[in-house]
Amino acid sequence: MAVVSKAGDARRQPPRRIEISQNVMHIFLLGMVVIAIFPFIWMVFASLKPFKELVESRALLPETWTLRNYEEILGRVNFYAAFRNSIVSAVSVTVVSVYTSSVMGYIFSKYRFVGKEILFTIVLSTMMVPFAVIMVPLYITIANSFGLADNLGGIIVTGFYTAFGIFLMRQFMESIPFELIDAARIDGASEWRIFFTLVLPMSMSPMSALAVFVFLVNWDSFLWPLIVLSSQDKQTLPLVLAGLRNLWWTRYEMWAAGSMLTVIPVMAIYSFASRYFIRGIAMTGLKA
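When the sequence shown is numbered by this note's numbering, its final residue is 344 and no position is left out of the sequence of numbers.
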């Protein structure tokens with residue numbers, strides 16, 4: 057028995073070539089991580105260097121640590137107003153988009169009506185349409201029909217609908233048993249009560265993932281706010297960050313400091329909500 061056991065252990069051990077390939081893969085992945093994270097690390101240290109040191113020295117770590125770059129940016133650029141505008145637009149779009157996506161996902165997953173699959177296919181097909189194709193007619197509609205040109209409302213209204221969110225919520229809600237919903241209807245619960253008290257609590261994971269995704273996309277949005285907003289006091293952080301080149305054309309340490317001011321809130325939010333984002337995506341993929 058001992059001989060058989062040792063033979064079985066030997067067979068279960070991976071061949072040496074598999075171990076080598078795994079080590080090569082780990083080294084490759086580590087290299088990709090370093091390549092991906094190095095620009096961010098450089099940006100952090102560059103934002104803490106004086107201009108002369110940044111230009112003359114090739115060292116990564118600063119010899120003279122300073123917060124003067126941040127003080128100068130906050131003193132000359134209205135980052136507080138831009139931060140407020142970004143928060144208002146991103147949070148508003150996130151809240152409404154998660155709600156509408158949940159409602160539409162519930163309808164597409166649990167209701168039967170003529171043309172449902174065709175309508176759902178049309179919704180998904182909108183994800184294949186480049187934004188540049190609808191950019192001009194969308195702006196004309198926002199400006200002429202709604203009067204929201206140079207207004208944060210022009211950014212918020214266009215974010216109320218997201219085909220990806222509808223798809224994500226529909227795929228998860230497909231896993232909710234019909235028996236639970238039918239039992240609630242037999243007990244006399246209205247459709248809205250079923251949705252708010254039964255379906256939504258069971259869908260918190262994909263909703264959290266969708267909220268993080270929508271918030272990050274809208275926080276980083278540049279092209280659409282650039283088209284809609286023209287007043288300085290209504291610009292969002294990406295627009296203000298792009299405008300730093302007009303103030304400091306070759307002051308890379310100022311660009312780095314401005315980028316850090318833009319990224320820090322996103323890092324804080326994602327570090328808190330990353331586990332909900334990953335779990336929501338994983339659960340949706342498994343249950344679909």
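Where a beta carbon is used, it is the ideal one built from N, C-alpha and C, also for glycine.
Taking DSSP as the reference, what is the three-state secondary structure of residue i?
i: Pro95; result: helix
i: Ile212; result: helix
i: Trp305; result: coil
i: Pro281; result: helix
i: Gly161; result: helix
i: Leu204; result: coil
i: Gly314; result: helix
i: Tyr326; result: helix
i: Asp238; result: helix
i: Asp243; result: coil
i: Trp248; result: helix
i: Arg168; result: coil
i: Thr150; result: helix
i: Ala344; result: Unreliable positioning characterises Ala344 in this predicted model, as indicated by a pLDDT of 45, which lies under 50. A coordinate reading is not provided.
i: Pro321; result: helix
i: Glu75; result: helix
With a 10 Å radius around its C-beta and 16 neighbouring C-beta atoms as the bar for buried, classify residue i as buried or exposed.
i: Lys172; result: exposed
i: Gly210; result: buried
i: Phe223; result: buried
i: Pro193; result: exposed
i: Phe251; result: buried
i: Met263; result: buried
i: Asn274; result: buried
i: Val154; result: buried
i: Phe271; result: buried
i: Ala102; result: buried
i: Phe84; result: exposed
i: Ile74; result: exposed
i: Met229; result: buried
i: Pro95; result: exposed
i: Ser261; result: buried
i: Ala267; result: buried
What residue range is occupied by the uninterrupted alpha helix (DSSP H) comprising residue i?
i: Pro193; result: 187-196
i: Gly221; result: 219-229
i: Asn125; result: 124-132
i: Leu110; result: 107-112
i: Ser181; result: 172-181
i: Leu254; result: Counting along the chain, Leu254 falls outside any alpha helix (DSSP H), and DSSP gives it neither H nor E.
i: Leu266; result: 260-275
i: Ala298; result: 293-298
Quick check: what's the CA-CA separation for residue i versus residue j?
i: Asn302; j: Leu295; result: 12 angstroms
i: Arg124; j: Leu104; result: 8 angstroms
i: Arg114; j: Gln227; result: 51 angstroms
i: Trp248; j: Met310; result: 51 angstroms
i: Ser148; j: Glu119; result: 43 angstroms
i: Lys166; j: Pro186; result: 30 angstroms
i: Arg331; j: Met323; result: 13 angstroms
i: Glu112; j: Phe220; result: 47 angstroms
i: Val90; j: Tyr326; result: 20 angstroms
i: Tyr136; j: Asp289; result: 10 angstroms
i: Phe234; j: Phe269; result: 28 angstroms
i: Leu117; j: Thr318; result: 22 angstroms
i: Leu254; j: Ile237; result: 8 angstroms
i: Ile212; j: Asn141; result: 11 angstroms
i: Val189; j: Ala92; result: 31 angstroms
i: Arg307; j: Pro281; result: 25 angstroms
i: Val100; j: Ser277; result: 22 angstroms
Measuring only from the beta carbon, is residue i closer than 7 angstroms to any heavy atom that is part of the ligand SAH?
i: Thr120; result: This structure does not include the ligand SAH; it has no bound ligands of any sort.
Less than 8 angstroms between the beta carbons of residue i and residue j, yes or no?
i: Leu279; j: Asp206; result: no
i: Ser145; j: Leu208; result: yes
i: Phe216; j: Val152; result: yes
i: Tyr195; j: Ala313; result: no
i: Ser157; j: Thr214; result: no
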